[in-house]
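Novice: The structure's right below; bear with me while I get my questions together.
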Amino acid sequence: MSGVLDILGGLLMVGGAAFLALGGLGLWRMPDTYTRIQAGTKATTLGTLLTLAGIGMIEPGWALKLALIVLFLMFTNPLSSQVMARAAHRAGVPLTPQSRGDALADDEGRAAE
Amino acid sequence: MTDTSLPRRAPPRLAALRLFATLLVFWLMLNGSLASDVLVIGVLVAAAIVLLFSGSFSVLSGHRLTPDALIATLRFVGLFLRELVRANIAMAALVLNPRLPVSPALVKLRTGLTDPVARLLLANAISLTPGTLTVEIAGEWLFVHWVVAPTTDPEEATRAIAAGFERHLEVMYG
Amino acid sequence: MADPFLLAATALVALALGLGLARFLRGPRALDRVVAFDGLTIVSVAAIALAGLVTGRAIYLDVALVYALLSFLGVIVAARYLEGGEQ
């Protein structure tokens with residue numbers, strides 16, 4: 314029927330899935346917990362956004378609910394990554410030795426326990 | 005800095021109206037339909053929640069409703085989406101690089117924003133952009149983990165990470 | 079129908095799930111597993127929506143939404159619990 318939308322949606326969907334795969338790769342390759350949060354849980358946000366946008370083009374009737382899922386993820390994602398990073402820091406998970414500095418530990422005036 | 009954000013809050017009636025609209029839109033999106041029964045239930049429940057709880061949803065009420073603020077909101081969203089795409093591509097290139105050239109650091113930023121909601125939005129915008137992640141907020145200080153940090157100086161880091169978002173948030177939350 | 083697209087997207091999502099699962103199994107810290115779980119969640123939401131597209135049933139979107147909500151709460155609780163220190 315609407316061939317153009319189907320193809321555009323398909324392309325968006327595959328592009329989004331590619332970002333998801335890259336997020337997975339980042340989750341696997343990154344050297345410490347903090348960089349894994351960065352690569353894994355956030356690079357996937359755009360991936361999900363594009364994938365769901367693509368699905369919305371193929372099935373226009375689903376667009377509203379897909380938009381709601383995207384909105385929900387965009388609100389919860391920064392929260393959960395921040396909570397995880399803060400938990401890691403409070404639990405004393407060290408940054409990778411490649412790191413250039415830790416202003417938070419300096420400010421708290423303590424070495425990581 | 006003294007906290008003068010209180011008098012700027014929207015008046016209670018406007019805040020209640022905004023809460024009502026937010027709840028109703030959320031309900032309609034969840035249902036994905038504009039059928040009359042769905043609409044009626046949504047209006048009734050949203051009205052009940054507003055009547056019962058309108059005092060406790062202050063998160064929605066700091067935003068100003070002037071034309072400037074609305075334009076700034078659009079600009080903020082635009083800037084944010086542009087940053088999201090740019091940073092994701094940078095992150096993809098980083099992950100695909102066989103040498104994995106990361107140089108992470110936890111840096112300190114100072115925000116000039118006083119409104120708590122504005123600070124939250126800034127922290128979230130920073131967090132959603134891959135490569136930077138807000139770890140802790142302490143008053144006007146934000147502690148941000150940066151995957152490829154060119155500097156650890158607070159001033160320069162503020163300019164590089166926060167300044168773009170802050171400019172719009174200042175107009176939105178005055 | 080967007081068959082080749084669907085096939086490619088499914089393969090890429092499966093790759094993402096595999097890599098996330100590998101990190102989940104490897105750890106090494108409990109928090110790394112939480113991070114991997116969070117990543118898996120976000121990929122799963124896309125996967126569930128794709129499943130909905132394949133079967134043509136919109137109910138999958140509700141499943142995805144509730145799944146996202148519950149695992150978000152799970153991640154927050156697990157992270158707060160581990161905040162006190164781990165071994």
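Protein chains in written order, with my numbering: chain D, 314 to 426; chain X, 5 to 178; chain F, 79 to 165. Heads up, the beta-carbon is just placed ideally off N, CA and C, and yes, glycines get one too.
1) For M397 of chain D, go through chain F and note every residue whose CB falls closer than 8 Å to its CB, in chain order.
2) Find the residues of chain X that neighbour A387 of chain D, judging by a C-beta separation of less than 8 Å, and give them in chain order.
3) What residues from chain F crowd round V317 of chain D, counting only those whose CB sits closer than 9 Å?
4) Specify, as a first and last residue, the run of the alpha helix (DSSP H) that K378 of chain D falls within.
5) Taking 8 Å as the limit between beta carbons, can you name the residues of its chain near T155 of chain X, skipping five residues before and five after?
6) With H, G and I counted as helix, E and B as strand and the rest as coil, what does DSSP make of S40 of chain X?
7) Could you check which residue in X:G135, X:M176, X:R171, X:D72 has the C-alpha nearest to that of A352 of chain D?
8) Within its chain, find whatever has a CB closer than 6 Å to the CB of E174 of chain X; leave out the 5 residues flanking it on each side and keep chain order.
9) G367 of chain D: which of F:T133, F:S149, F:L128, F:G134 sits nearest, CA to CA?
10) Along chain F, which residues have their Cβ under 7 Å away from the Cβ of T357 of chain D?
11) Taking all protein chains shown into account, decide if A153 of chain X is buried (16 or more other Cβ within 10 angstroms of its Cβ) or exposed.
12) Using a Cβ-Cβ cutoff of less than 6 Å, which residues in the same chain neighbour G328 of chain D once the five nearest sequence positions on both sides are dropped?
13) Starting from the beta carbon of T409 of chain D, find every residue of chain X whose beta carbon is closer than 7 Å, and list them in chain order.
14) State the Cα-Cα distance for the pair Y138 of chain F and M343 of chain D, rounded to the nearest angstrom.
15) What residue does the alpha helix (DSSP H) around E179 of chain X start on, and which one ends it?
16) What are the uninterrupted segments assigned as alpha helix (DSSP H) that are 4 or more residues long and contained completely in the stretch 125–169 of chain X, given in chain order?
17) Would you kindly check if the distance between the Cβ of M387 of chain D and the Cβ of T358 of chain D is under 8 Å?
18) Return the chain-ordered list of same chain residues with a C-beta closer than 6 Å to the C-beta of M370 of chain D, the five sequence neighbours on each side being excluded.
19) Could you say which of D:E372, D:L340, D:L381 lies nearest to D140 of chain F if we only look at CA atoms?
20) Exposed or buried, which one is A331 of chain D when buried takes at least 16 other CB atoms within 10 Å?
21) If I follow the unbroken alpha helix (DSSP H) through L338 of chain D, where does it start and stop?
22) Measuring alpha carbon to alpha carbon, tell me which residue in X:V29, X:A20, X:N128, X:T138 is nearest A400 of chain D.
23) In angstroms, rounded to a whole number, what distance separates the CA positions of L85 of chain X and R79 of chain X?
24) What are the residues that DSSP puts in a beta bridge with L99 of chain F?
25) Determine the contact status of Y131 of chain F and L84 of chain F, defining contact as a CB-CB distance below 8 Å.
26) Taking its Cβ as the centre, do 16 or more other Cβ atoms sit within 10 Å of I120 of chain F, making it buried, or is it exposed?
27) Within the same chain, show all residues whose beta-carbon is closer than 6 Å to that of V151 of chain X, passing over the 5 residues directly before and after it, in chain order.
28) In whole angstroms, give me the CA-to-CA distance for Q165 of chain F and L146 of chain X.
29) Check the Cβ of R135 of chain F against every Cβ in chain D and list those closer than 9 Å, keeping chain order.
30) By DSSP, does R114 of chain X sit in helix, in strand, or in coil?
31) Just verifying my parser: in three-state terms, what is the DSSP assignment at D345 of chain D?
32) What residues from chain X crowd round T348 of chain D, counting only those whose CB sits closer than 7 Å?
33) Between which two residues does the alpha helix (DSSP H) holding V121 of chain F run?
34) What does the alpha-carbon distance come out to for the pair F385 of chain D and R22 of chain X?
35) E170 of chain X: which of X:A127, X:V49, X:I141, X:L34 sits nearest, CA to CA?
36) Which partner residues of A109 of chain X appear in the DSSP bridge assignment?
Specialist: Taking the structure as given:
1) L109, V112, V113, D116, V153, A157
2) At residue 387 of chain D the sequence reads Met, which differs from the Ala that was named. Residues of chain X passing the Cβ test: L132.
3) The premise fails here: V317 of chain D is roughly 12 Å from chain F at the closest Cβ pair, so nothing lies under 9 Å.
4) 376–403
5) V111, A161, A164
6) helix
7) X:G135
8) none
9) F:L128
10) G117, I120, V121
11) buried
12) L363
13) P108
14) 32 Å
15) This structure does not reach residue 179 of chain X, given that chain X is present from 5 up to 178, and the question cannot be answered.
16) 158–161
17) yes
18) L318, L321, G322
19) D:L381
20) buried
21) 316–342
22) X:T138
23) 10 Å
24) Answer is none; L99 of chain F lacks a bridge partner.
25) For the sequence presented, residue 131 of chain F should be read as Leu rather than Tyr. Yes, the pair counts as a contact, with Cβ atoms nearer than the cut-off.
26) buried
27) V106, P108, G135
28) Caution is warranted here: a pLDDT of 41 is assigned to Q165 of chain F, below 50, making its placement in the model unreliable, and the coordinate value is therefore given only provisionally. Their Cα atoms are separated by approximately 28 Å.
29) Those within 9 Å of R135 of chain F in chain D number zero; the least Cβ separation is about 10 Å.
30) strand
31) coil
32) V106, P108, V151
33) 108–133
34) 19 Å
35) X:A127
36) X:W150
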